[in-house]
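Participant:
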Amino acid sequence: MTEEADQATESGTEEPQAAFHAAIERSGSAVLTTEEVARHLDLSRERTQELLADLAASGRVVGRDVSQDPAVWYPAEWEAYVDRERFVVFPDRRQVVVDRPAQFTRAQLSQFARLEDANGREGYVYEIREADIWGSPYDDIEELLAT
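Under the numbering used here, the first residue of the sequence shown carries the number 227, and numbering increases by one thereafter.
(1) Would you check if the distance between the CB atom of P242 and the CB atom of L281 is smaller than 8 angstroms?
(2) Measuring straight from C-alpha to C-alpha, what distance separates V257 and G361?
(3) Spell out the partners DSSP gives G289 in its beta bridges.
(4) Who are the Cβ neighbours of A344 in its own chain at under 8 angstroms, not counting the five residues just before and after it?
(5) Provide the residue(s) that pair with L341 in DSSP beta bridges, ordered along the chain.
(6) Helix, strand or coil: how does DSSP classify S237 here?
(7) What distance in whole Å lies between the Cβ atoms of R310 and R326, which are believed to be in contact at a cut-off of 8 angstroms?
(8) Looking at R312: is its Cβ nearer than 8 angstroms to the Cβ of E353?
Spelled out as structure tokens, the structure:
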């Protein structure tokens, strides 16, 4: 991999990012320290620091200082996953679990579901009772999803 890594890091195209992604896949971890990236790409620590600094400057990776441990690095597009809404539907229990819902989403859910629980960290459990279904302003699921 040394030759591929050197080619990847010397060209000015997507190869440096591809090499970084390859290091993540090889490690089996979502985040890596500079030392781990260097080991997986078979590069010197100094060359790896340059590679990561260039990728960070171009906005393709993000580094985080994790207290007393070394900084960790991960692809920049992963930051979008932190702030997005996530839904898990349990049809047999008639429950919807929502993580980080927007105000609009909470308003939509309140039209046909009852808030059952909240964890204080933007996680909510909604229960859908039979009466809620009959009282819903939507005739079918497609109409609900269209909003």
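We put the beta carbon where it would ideally sit given N, CA and C, even for glycine.
What you are looking at is a predicted structure, and each value in this text was computed from that prediction instead of being measured.
Facilitator: Taking the geometry as given:
(1) Taking 8 angstroms as the cut-off, the beta carbon of P242 is found closer than this to the beta carbon of L281.
(2) Computed Cα separation, rounded: 46 angstroms.
(3) DSSP output for G289 lists W299 as bridge partner(s).
(4) For A344, same chain residues with a beta-carbon under 8 angstroms away, outside a window of 5 residues either side, are Y350, V351 in chain order.
(5) Paired residue(s): Y352.
(6) Caution is warranted here: a pLDDT of 42 is assigned to S237, below 50, making its placement in the model unreliable, and the coordinate value is therefore given only provisionally. In the three-state DSSP reduction, S237 falls in the coil class, being neither helix nor strand.
(7) The beta-carbon separation of R326 and R310, rounded to 7 angstroms, stays under the 8 angstroms limit for a contact.
(8) Contact: no.
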